Structure formats: C-alpha cells, structure tokens
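Remarks on the structure that follows.
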Amino acid sequence: MKLGFDTDQGIGTRANLGVVVLETDETLEHEFRQVFDLPSVALYHSRIPMVRDIRPDTLARMEADLPASVRLLPPSLKFDVIGYGCTSAATVIGSDKVAKAVQAVCPKARVTDPLAAMIAAGRALGVVRLGFVTPYVAEVSAQMRGKLEAAGFQIAGFGSFEEGDDQVVARITEASIADAVRAMTRTPCDAVVISCTNLRCLRIISELEAELGVPILSSNQALAWHMMRLAGIEDAMPQFGRVFEKPLTR
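One rule links them: number in my numbering = place in the sequence shown (from 1) + 68.
Here it is, written out as structure tokens:
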C-alpha cells in the first residue's frame, strides 16, 4: 500500500540556525541544547577537525577547513545564522575571516563566533571593565586580551588555567571555574568573561551573577545569545544570564 502524506515548512519556521563545533569539544552541544529548547527554532550541528593541543598554529589551520564543515549542514535549508564554536580560533583567525569562510558556502547567512558574540554582549550590557578567565596557554590568552582591548574593553583582572589539552579543559569542574570567577571580582569590574566553549559553566552563570552582583559572560552563552538576536529571536531567558534580557545594541 502506498501511503498518502502532507508536508509542512519543517522545524525551523521561526529560525534555522547552524553551528560548527570543534572535533574535540565536549561541552557546547550539551549547553546549546538547554538554551535552544524553543518552539519552531531548529539548530543543526557540524564538526570541524581539531587536534587536542591548543596552540596558535593548530587553531589557525581551521580557517581552511571551515567551508567543508559548513557544507555538511543540511543543504536544503536556508540558514538565518551560522555560528563558529571556537573562541580561541576566532581570535587567531579573525572574526572577519571566519565570516568570509562560512559565507563562501552560505552567502546569505549571518555569521558569528564566541569572540564577536562576547564583544556584542558586552556592549549590550554597557560594561567596560572585565574580569577575564581563560583556560588557554599564555600566547592564546594574550591574543584574545588584545582583541577585547581593541574593541574598547579594559581588562581589570586576568587569570588562566594555562591548560593546552582540550580534553582536560572539558573536565575542569564547575567549582574550579566558579572560584576563578570569584577571584576576578576581587578587583572591581563591570562583568566577568569566561572564555572557551569547552568550559562547563552555563549552569552556574545565574548563581554567580546573584552572588557577585555583576553579569557573567561565557563563550557558549554569549554565542547562543548572539545567534538568537541576529536571527530576530528576542526571548528573555534570564535563567541563562543577564545578557538574555538584552537586545542587540544597534
């Protein structure tokens, strides 16, 4: 028996979103599932090759691989926004080059990455003085610090776990991250940035904001917020941090 059927417009009638995740990342998808649990919003993932050792040269290699990873997203869809899920590589490659590589495949999609997202989130919150927590080796941390300062922010306090192995980074405990954030607020700051998509911290952001009295921005949280706002999704979701109460700064 041949069965009849009807069709509709698919899942993403509100927005179709794509994200390119590092081969070594164990955290971003888990945290994104929580944030993007929204009706009629479809989120699709692709992976990009990456070795465990995080250095400027290994990060820079991903620029050439980005178009192939984007091509693995469903070709039948018109993507509203595509995010590239690596803070450190976006820092090394440059957000403009990341966007160019993605738009070589999906020219009409808007593009963001965690560095661009955190800059946009900081501006939306109106913050200037940042506490800055990273897991990176010194050279990568220094490059990101330079990008934030070039965007108009001041680094009031800085600390790094100085761990170059991405598998180890994914296993740094929430308690260790929370202690690092608390240490950054010993020097007055307007907000604290937690950099790296592989650090597990989405669950503790609102708790730390309530405890410390300042906004907390993480790579995954800021990237999710920026992707949503670029897609025209203005939902307020303060359970994921104060930034989710803010629109984009035009």
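Just so you know, even glycine gets a beta-carbon here, dropped at the ideal spot from N, CA and C.
Given the structure is predicted, the values throughout are model-derived calculations rather than measurements.
Tell me, to the nearest whole angstrom, how far the beta carbon of residue i is from that of residue j; I am working on the premise that it is less than 8 Å.
i	j	result
Val282	Asp258	6 Å
Leu141	Gly86	5 Å
His294	Thr180	5 Å
Arg319	Val89	An answer regarding residue 319 cannot be provided, because it is not within the stretch 69 to 318 covered by the chain.
Asp148	Arg101	About 19 Å separates the two Cβ atoms, so there is no contact after all.
Leu270	Phe308	7 Å
Ala192	Pro315	7 Å
His113	Glu97	6 Å
Ser274	Pro306	7 Å
Compare the C-alpha of residue i against each of the options and name the closest.
i	options	result
Pro203	Ala219, Asn266, Gly309	Asn266
Val109	Arg191, Asp303, Arg139, Ala83	Ala83
Glu94	Pro107, Met118, Phe104	Met118
Gln211	Ala158, Leu145, Gly225	Ala158
Ala290	Leu276, Val208, Ser263, Leu90	Ser263
Thr255	Gly227, Arg268, Glu242	Gly227
Val208	Glu231, Ala192, Ala189	Glu231
Glu99	Glu217, Gly153, Ala169	Gly153
Arg310	Asp234, Arg318, Val261	Val261
Met130	Ile161, Gly300, Asp303, Thr253	Ile161
Leu276	Gly300, Ala292, Ser287, Ala243	Ala243
Ala206	Ile301, Ser156, Ala218	Ser156
Ile301	Leu106, Lys165, Asp76	Leu106
Leu298	Thr253, Gly151, Asp234, Gln77	Gly151
For the beta strand (DSSP E) that residue i lies in, which residues bound it at each end?
i	result
Thr201	The identity of residue 201 in the sequence shown is Val, whereas the question assumes Thr. Run containing Val201: 197 to 202, per the beta strand (DSSP E) assignment.
Leu111	109 to 116
Glu223	For the record, residue 223 in the displayed sequence is Ile; it is not Glu. That run of the beta strand (DSSP E) goes 222 to 228.
Gly86	83 to 90
Could you give the residue range of the alpha helix (DSSP H) that holds residue i?
i	result
Val208	206 to 218
Asn49	This structure cannot speak to residue 49, because the chain is shown only from 69 to 318.
Phe100	96 to 103
Arg191	182 to 193
Any heavy atom of the ligand GTP closer than 7 Å to the beta-carbon of residue i?
i	result
Val205	This structure lacks the ligand GTP, and indeed carries no ligand of any kind.
Alpha helix (DSSP H) runs contained entirely in the segment 120 to 165, provided each spans 4 or more residues
Inside the segment 120 to 165, DSSP marks whole alpha helix (DSSP H) runs of 4 or more residues at positions 124 to 128, 130 to 139, 155 to 161, from first to last along the chain.
Touch check for the segment 198 to 210 and the segment 173 to 180: three-plus C-beta pairs under 8 Å?
Counting Cβ pairs under 8 Å, fewer than three are found: no touch.
Pairs of beta-carbons, one from the segment 177 to 186 and one from the segment 242 to 250, closer than 8 Å: are there three or more?
The segment 177 to 186 makes no contact with the segment 242 to 250, as fewer than three CB pairs between them are under 8 Å.
With a cut-off of 8 Å, do at least 3 Cβ pairs link the segment 212 to 222 to the segment 267 to 287?
The answer is no - the segment 267 to 287 does not touch the segment 212 to 222, with fewer than three Cβ pairs under 8 Å.
Alpha helix (DSSP H) runs wholly inside the segment 237 to 288, at least 4 long, in chain order:
As far as the segment 237 to 288 is concerned, its whole alpha helix (DSSP H) runs of at least 4 residues are 242 to 252, 273 to 280.
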